[in-house]
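Using my numbering, the first residue of the sequence shown is number 291, and each one after it goes up by one.
Glycine included, C-beta positions come from ideal geometry on N, C-alpha and C.
The structure displayed is predicted, hence computed values, not measured ones.
Here's the structure, in structure tokens; my notes come after.
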Amino acid sequence: MEDSIYIKRLKERLRQDPDSKVFLSLAEELRKQDKIDEAIAVLINGIKKHPDFIAARLTLGRWYLSIDMLSEAQKEYMEIIKQYPDNVFALKGLDEINKRLAIISGDNKELPVGSNKEIVIEHLNRFLKGIKTRFNVRDNRVNRLHRLLNAIKIHFAPSSENSV
């Protein structure tokens, strides 16, 4: 499918000003034309230039979630949570990831949706516990993930809860 006139204009604007935030509009238009791979590539490149552009990260996280790229979606949502711990959209995205992981693992208990640090900590605790019980703890990838999630948990935890 050939690009629409609007997409061509957006690409031209981005070519003229590579630091423009028009990349988000371009990505949205590409996705409307079912060019999801190109749309994701545009978002990734734009986020590299604008790492604090939360709307772009939320969009990328949502798209990853829609195509079941859960670890990539989680990465985007956690980047948002680092800066904005109470971002409802990122917390809802993490909640959806946890629900899907619970279904995959056979532990499909409902996880609460919320907008506070305690809920993020609760989700991380459940996720870490699941990793420890389901995977070989000696696997380097599991250890790296465990350290990363533990560091995130420590970042959000009150000073009395700094251990797993």
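In the three-state scheme derived from DSSP, where H, G and I count as helix and E and B as strand, Q323 is classed as coil.
Annotation for K298: the continuous alpha helix (DSSP H) segment containing it runs 295–306. Here E366 is buried: its Cβ has 16 or more other Cβ atoms, across all protein chains shown, within 10 Å. As the crow flies, the alpha-carbon of L348 is around 17 angstroms from that of L320.
Rounded to the nearest whole angstrom, the C-alpha separation of L384 and E292 is 36 angstroms.
When the alpha-carbon of D342 is set against those of Y374, I330, I326, the nearest one is in Y374.
With contacts defined as CB atoms closer than 7 angstroms, L300 and L316 qualify as a contacting pair.
Counting only residues of its own chain and dropping the five nearest sequence neighbours on each side, K339 has a CB closer than 7 angstroms to the CB of D309.
E328 and D376 have their C-alpha atoms roughly 31 angstroms apart. The alpha-carbon separation between R303 and L333 amounts to approximately 15 angstroms. For K372, the enclosing alpha helix (DSSP H) has its first and last residue at 360–373.
Counting along the chain, no alpha helix (DSSP H) covers S310, and no H or E run does either.
With a threshold of 16 other beta carbon atoms within 10 Å, A345 falls short and is exposed.
Within a 10 Å sphere around the beta-carbon of I295 sit fewer than 16 other beta-carbons, which makes this residue exposed.
A Cβ-Cβ distance of about 11 angstroms is found for the pair A363 and I370, leaving them out of contact under the 8 angstroms criterion. Here I357 is exposed, its C-beta having fewer than 16 other C-beta atoms within 10 Å. Contact check for L360 against I387 passes: the beta carbons are separated by less than 7 angstroms. Per DSSP, the continuous alpha helix (DSSP H) segment holding I344 begins and ends at 344–356.
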